[in-house]
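Student: Note that UniProt numbering has the sequence shown beginning at 1, numbered continuously upward.
Where a beta carbon is used, it is the ideal one built from N, C-alpha and C, also for glycine.
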Amino acid sequence: MLPIFDGGSPARLRILRSMVQFADFDSRGYPMVDVRTGYGQWVESYEQTVEDAMDVDVLARLAVPDWPSVRRAADLGCGTGRTGAWLRRQGVAAVDGVDLTPEMLAVARAKGAHDRLVEADLAASGLPGEAYDLVISSLVDEHLAELGPLYREAFRLARPGALFVLVGLHPYFIMAAGMPTHFTSAAGESIAITTHVHLVSDHLTAGLAAGWQLAEMNESVVDDRWIALKPKWERLRSHPVSAAYAWRKPA
Numbered sequence: 001m002l003p004i005f006d007g008g009s010p011a012r013l014r015i016l017r018s019m020v021q022f023a024d025f026d027s028r029g030y031p032m033v034d035v036r037t038g039y040g041q042w043v044e045s046y047e048q049t050v051e052d053a054m055d056v057d058v059l060a061r062l063a064v065p066d067w068p069s070v071r072r073a074a075d076l077g078c079g080t081g082r083t084g085a086w087l088r089r090q091g092v093a094a095v096d097g098v099d100l101t102p103e104m105l106a107v108a109r110a111k112g113a114h115d116r117l118v119e120a121d122l123a124a125s126g127l128p129g130e131a132y133d134l135v136i137s138s139l140v141d142e143h144l145a146e147l148g149p150l151y152r153e154a155f156r157l158a159r160p161g162a163l164f165v166l167v168g169l170h171p172y173f174i175m176a177a178g179m180p181t182h183f184t185s186a187a188g189e190s191i192a193i194t195t196h197v198h199l200v201s202d203h204l205t206a207g208l209a210a211g212w213q214l215a216e217m218n219e220s221v222v223d224d225r226w227i228a229l230k231p232k233w234e235r236l237r238s239h240p241v242s243a244a245y246a247w248r249k250p251a
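(1) Can you say whether residue 91 is buried or exposed, counting buried as having 16 or more other CB atoms within 10 angstroms of its CB?
(2) Should the region 97 to 109 be called in touch with the region 159 to 178, which here means at least 3 C-beta pairs below 8 angstroms?
(3) So what's residue 41 in DSSP terms, helix, strand or just coil?
(4) Assign residue 249 to one of three DSSP states: helix, strand, or coil.
(5) Identify whether residue 183 lies in helix, strand or coil by the three-state DSSP scheme.
(6) Closer than 7 angstroms by C-beta to residue 129: which residues in its own chain qualify, once you throw out the five before and the five after it? Chain order, please.
(7) Helix, strand or coil for residue 173 per DSSP?
(8) If we require 3 or more residues per run, which beta strand (DSSP E) segments fall completely within the region 23 to 105?
(9) Considering only the alpha carbon of each residue, which of 134, 55, 78 lies closest to residue 120?
(10) According to DSSP, residue 168 sits in a beta bridge with which residue or residues?
(11) Spatial neighbours of residue 4 within its chain, please: C-beta separation below 8 angstroms, excluding the five flanking residues on both sides.
(12) So, for residue 86: in the same chain, excluding its five sequence neighbours on each side, which residues have a beta-carbon less than 6 angstroms away from its beta-carbon?
(13) Let me know if residue 232 comes out buried or exposed under the rule of 16 or more other beta-carbons within 10 Å of its beta-carbon.
(14) For residue 20, which of helix, strand or coil comes out of DSSP?
(15) When you compare only the Cα positions, how much space is there between residue 71 and residue 159?
(16) Short of 7 angstroms in beta carbon distance, which residues of its chain neighbour residue 113, apart from the five on each side in sequence? Order them along the chain.
(17) Kindly list the residues whose CB is nearer than 6 angstroms to the CB of residue 154, restricted to its own chain and excluding five residues on each side of it in sequence; keep chain order.
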């Protein structure tokens, strides 16, 4: 069953979204840089920093996607190729990747999981329309000021009946932890990358407006595995940390 918005017009939802700003929750105060600058600097330590529990383990728990049946996937915000490599291990036949940061693309290219890599904005990928059985985006949405362009581009790329799978930080986690996406620079300084808070309702509104049908949603919480990885997160135990959405394009 699709969600029903009772009394919330698109204009009203836009007003509510504009009131939720990461700055209202930021407890770190790290210097902040734009996405391309930040990931260009983070690239060397990125794969040693990001935990599988944040994204690919959440993808693995989704029931709707039949990964081995996917002939061709578009990986929007492919980064160093972690998601693309995971998809290939699940039996996905071919994966095209798009990312804004050339340094990240260079690592992905060396990894060899993607058939094609494009340096572009994920909302204007330049990839062919209606050419993909799966469109996927991982750990990207918190960097987008608006979700609509991503959902619309994914819809353009997807074949009728295809899926769009998005996994990212749960908005509640961003607010409760007060922590932006960040990395440690070569000089040992903590640097934040532009972070936005998108409520679950923002995702539902953007997805439905683009024409998608919600097929599945999964929310992951801070559990024993997370506490073992991040002992300081004990205060966040049982709080949502990641969210995954599986959308289907009408046939």
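Tutor: With the given structure in hand:
(1) With fewer than 16 other Cβ atoms within 10 Å, it is exposed.
(2) Counting C-beta pairs with one atom in each stretch, the region 97 to 109 and the region 159 to 178 have fewer than three that are closer than 8 angstroms, which means they do not touch.
(3) Here residue 41 sits in helix by DSSP.
(4) Note: residue 249 maps to coil in three-state DSSP.
(5) Residue state, collapsed to three classes: strand.
(6) The residues are 156, 157.
(7) Three-state DSSP puts residue 173 in a helix.
(8) The DSSP assignment places complete beta strand (DSSP E) segments of no fewer than 3 residues inside the region 23 to 105 at 73 to 76, 95 to 99, in order along the chain.
(9) Of the listed residues, the one whose Cα sits closest to residue 120 is 78.
(10) Answer is 243, bridged to residue 168.
(11) Only weak support exists for where residue 4 lies, its pLDDT of 37 falling under 50; the value from the coordinates is given anyway. Taken in chain order, the list of residues that qualify is empty.
(12) In its chain, beyond the 5 residues on either side, 56 have a beta carbon closer than 6 angstroms to the beta carbon of residue 86.
(13) For residue 232, the number of other beta carbons within 10 angstroms of its own is below 16, and it is reported as exposed.
(14) Here residue 20 sits in coil by DSSP.
(15) Roughly 11 angstroms separates the two Cα atoms.
(16) Exclusion of the five residues before and after residue 113 leaves 81, 84, 85, 88, 95 as the residues of its chain whose Cβ lies within less than 7 angstroms of its Cβ.
(17) Scanning its chain for C-beta atoms nearer than 6 angstroms, with the 5 sequence neighbours on each side dropped, one finds around residue 154 the residues 135, 164, in chain order.
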